Amino acid sequence: MESEGYNNTQLKIQIQNVYEKYKYKPHFIVENYKYNDLEKVIEKLKKSVKLIKETTKDNENNIKNNMFSILLDQLKNKADMSVLIPTLKDYLRKKDKLEYNKLFSNYYYYELLKLINNYYYLSTSKGFEKTSVKD
């Protein structure tokens, strides 16, 4: 169950509780083909112990949403929203690990500013009538 992403400490506590309950009746494990107690215990453990993977995925989504809001607020005066929002979504989706310290040191801000400048440069060089990045 640890390899499936269940919380290790909670799992140990719950298994200890099951052990205390069944320590004088080990036959349900030895003769598991006769009794379905072992399956019931495993299902009960899976229901009572939290999955770590789900909470980390929720954390990643929360971090991504927070960074999107912060960067959008920082860059809204630098570019059009029609360019900024898709660029920002694509940028955050491509990043493997997002870190708040890079956000607060303006690392992501300057990278996005370069991407937006490149977009405007490429679009004006192709003959589109786009304005440059707003000052």
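Reading the sequence shown from the start, the letters are residues 1193 to 1327 in this note's numbering.
We put the beta carbon where it would ideally sit given N, CA and C, even for glycine.
All figures in this text were calculated on a predicted structure; none of them were measured in a lab.
In the structure shown, residue 1216 adopts coil according to DSSP, grouped into three states. Proximity of the region 1251-1271 to the region 1201-1218 falls short of the contact definition, fewer than three beta-carbon pairs being nearer than 8 angstroms. Between the alpha carbons of residue 1261 and residue 1316 lies a distance of about 28 angstroms. Under the three-state reduction of DSSP, residue 1229 is assigned to helix. Apart from sequence neighbours up to five positions away, the residues of its chain that approach residue 1240 with a beta-carbon distance below 7 angstroms are 1206, ordered along the chain. When C-alpha distances from residue 1275 are compared across 1235, 1294, 1232 and 1305, the shortest belongs to 1305.
Residue 1273 sits exposed, since fewer than 16 C-beta atoms from the chains shown fall within 10 Å of its C-beta.
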